[in-house]
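Report on the structure given below.
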Amino acid sequence: VQLQASGGGLVQPGGSLRLSCAASGTIVSINAMNWYRQAPGKQRDLVARMTNGGSTVYTDSVKGRFTISRDDAKTTLYLQMNRLKPEDTAVYFCSANIQTGTRVGDYWGQGTEVTVSS
Numbered sequence: 259v260q261l262q263a264s265g266g267g268l269v270q271p272g273g274s275l276r277l278s279c280a281a282s283g284t285i286v287s288i289n290a291m292n293w294y295r296q297a298p299g300k301q302r303d304l305v306a307r308m309t310n311g312g313s314t315v316y317t318d319s320v321k322g323r324f325t326i327s328r329d330d331a332k333t334t335l336y337l338q339m340n341r342l343k344p345e346d347t348a349v350y351f352c353s354a355n356i357q358t359g360t361r362v363g364d365y366w367g368q369g370t371e372v373t374v375s376s
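In terms of the working numbering, the sequence shown is residues 259 to 376.
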């Protein structure tokens with residue numbers, strides 16, 4: 259199983275970016291999918307989560323600005339980030355709880371870097 263994150267980059271304050279995370283491999287089902295971020299010198303924190311049923315959770319600092327979503331096949335996770343602020347600068351990671359043919363476990367993608375700066 260692999261999670262491939264993409265979509266990061268450099269953006270000015272107030273701008274937008276859309277991150278994607280594609281899951282591939284021998285997947286029976288995907289449960290919750292998440293976006294985390296880690297700023298330089300800080301711990302990795304949850305940004306947003308979407309359950310298999312479609313429920314969402316956001317950290318307070320991104321509510322009203324970020325939207326988490328999944329495609330119909332539920333194998334690609336998105337994070338639409340609007341009205342970006344310098345404090346959103348971080349490496350963003352996706353993770354998912356996935357059932358394969360032999361186990362259920364948490365998988366992580368590589369990070370994608372987001373820099374918000376003028």
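Glycine included, each C-beta is placed from N, C-alpha and C at the ideal position.
Because the structure is a prediction, the values reported are computed rather than measured.
On the criterion of 16 or more Cβ atoms from any shown chain inside 10 Å, does residue i qualify as buried, or is it exposed?
i	result
Asp303	exposed
Asp329	exposed
Pick helix, strand or coil for residue i, following the three-state DSSP scheme.
i	result
Val362	strand
Val320	helix
Return the CA-CA distance between residue i and residue j, expressed in angstroms with no decimal places.
i	j	result
Tyr316	Leu277	15 Å
Ala354	Met291	4 Å
Met308	Val259	19 Å
Ile288	Trp366	13 Å
Thr269	Gly369	One detail in the question is off: residue 269 reads as Val in this sequence, not Thr. Each residue's Cα considered, the two are about 17 Å apart.
Phe324	Ile285	27 Å
For a cutoff of 8 Å on Cβ pairs, would you count residue i as touching chain D?
i	result
Ala306	The structure shown contains no chain D; it is built from a single protein chain.
In terms of residues, what are the limits of the beta strand (DSSP E) holding residue i?
i	result
Gly267	267-269
Ala354	348-357
Arg341	Element bounds for Arg341: n/a, residue is neither H nor E.
Thr373	370-374
Output yes or no for whether 8 Å exceeds the beta carbon distance between residue i and residue j.
i	j	result
Gly283	Leu342	no
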